[in-house]
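Enquirer: Everything in the sequence shown is counted per UniProt numbering, starting at 1 for the first residue and increasing by one.
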Amino acid sequence: MQPNELSGSTLAYIGDAVWSLLVREYLVELGYGRAKDLQRLSVNFVSAKAQARFYEQLHAAGTFSEEEEEIFRRGRNFKSGSVPKNTDVQIYRISTGFEALTGWWHLTGQTARLHEIWEQVRPTVGLESKLMA
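#1: CA-CA distance, Leu101 and Leu6?
#2: Is it the case that the stretch 92-107 contacts the stretch 61-75, given that we only count it when at least three CB pairs across the two stretches are under 8 angstroms?
#3: I'd like the span of the alpha helix (DSSP H) that includes Pro123, first residue to last.
#4: Taking Ile117 and Lys49 to be in contact with their CB atoms under 8 angstroms, please state how far apart those CB atoms are, rounded to whole angstroms.
#5: Return the residue from the list Val125, Pro123, Phe72 and Gln110 that minimises the CA-CA distance to Gly8.
#6: As a quick exercise: from Val23, Asn77 and Tyr55, pick the residue whose alpha carbon is nearest that of Leu127.
#7: Taking only beta-carbon positions, decide if Leu41 is within less than 8 angstroms of chain D.
#8: Can Asn4 and Val125 be called in contact, C-beta distance under 8 angstroms?
#9: Determine whether the beta carbon atoms of Ala52 and Ser95 lie at a separation below 8 angstroms.
#10: Roughly how many angstroms separate the alpha carbons of Asn86 and Arg113, rounded to a whole number?
#11: Using a Cβ-Cβ cutoff of less than 7 angstroms, which residues in the same chain neighbour Asn77 once the five nearest sequence positions on both sides are dropped?
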């Protein structure tokens, strides 16, 4: 498999799974075990709105290389033909671009970069502080 030859939607498909696994592992590490809690809290990371916000924050900080921005655009510009009812099309496309980037990091073996990004966005959700309260 050649990640640079995959479509934006394929990269996003892989990225969605990779990001979801990071989130699930994190929530379990925090001590959550009930399926209802896990699902409710995971939305803070895996919803289109959350992923678009992560991308915008990282982009504004100049976090991404030009190559990474190109991968993001491949995912963002893919026309899926459908958008979830509760999500603005622009937000959905940005989130798809973020997922494509996540999939690309995974498929190219850039796990350190993936974890670096994860460590930058994870605290912005604030779940650790909610546990302490």
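Cβ atoms here follow ideal geometry from the backbone N, Cα and C, with glycine treated the same way.
Expert: Per the coordinate set shown:
#1: The alpha-carbon atoms of Leu101 and Leu6 are separated by roughly 12 angstroms.
#2: yes
#3: Thr111 to Val125
#4: About 18 angstroms separates the two Cβ atoms, so there is no contact after all.
#5: Relative to the Cα of Gly8, the nearest Cα in the group Val125, Pro123, Phe72 and Gln110 belongs to Phe72.
#6: Val23
#7: Within the model displayed, chain D is absent; a lone protein chain is all it includes.
#8: no
#9: Against a cut-off of 8 angstroms, the Cβ pair of Ser95 and Ala52 comes out as a contact.
#10: 31 angstroms
#11: Gly8
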